[in-house]
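Residue numbers (the numbering used here): 14 to 124. Have a look at the structure below before the remarks.
What follows is the structure in structure tokens.
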């Protein structure tokens, strides 16, 4: 995961900006990062406790937010976490690390 092209679906992001304007995008983007700062630690706690129903619900919610803003890499990883939780399957530690690392990388980008 080296550059923003791997993290962001620029076409989706551009469609959002073109539809609602840059100011709305900035507002939603700020809300996304505030929510993720809260919800990712919550998700990690749920994964540790193997609360599959809550993992499914939370990962589904933040997956949708990620995809809507064009953050497809994180969206894909959260989709995998959601699928694991539906099957009550252990969520691989490397998958969790990928989500956390991608999110930290996204926070450092000039979006």
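All residues carry an ideal CB built from backbone N, CA and C; glycine is no exception.
Are there 16 or more other CB atoms within 10 angstroms of the CB of residue i, so buried, or fewer, so exposed?
i: residue 14; result: Because the pLDDT at residue 14 is just 47, under 50, the model does not fix this residue reliably, and the point stays unresolved.
i: residue 79; result: buried
i: residue 44; result: exposed
i: residue 95; result: buried
i: residue 53; result: buried
i: residue 77; result: exposed
Nearest to residue i by CA position, among the options, is which residue?
i: residue 51; options: 71, 39, 105 and 32; result: 71
i: residue 21; options: 58, 103, 88 and 48; result: 88
i: residue 27; options: 19, 17 and 38; result: 38
i: residue 23; options: 116, 36, 82 and 32; result: 82
Return the first residue and the last residue of the alpha helix (DSSP H) that residue i is part of.
i: residue 123; result: Premise fails: residue 123 is in no alpha helix (DSSP H) and is neither H nor E.
i: residue 18; result: 17-20
Completely contained alpha helix (DSSP H) runs for the region 31-110, where each covers 4 or more residues: 35-62, 65-81 and 85-99
Cβ contact check for the region 58-68 and the region 97-110: 3 or more pairs under 8 Å: yes
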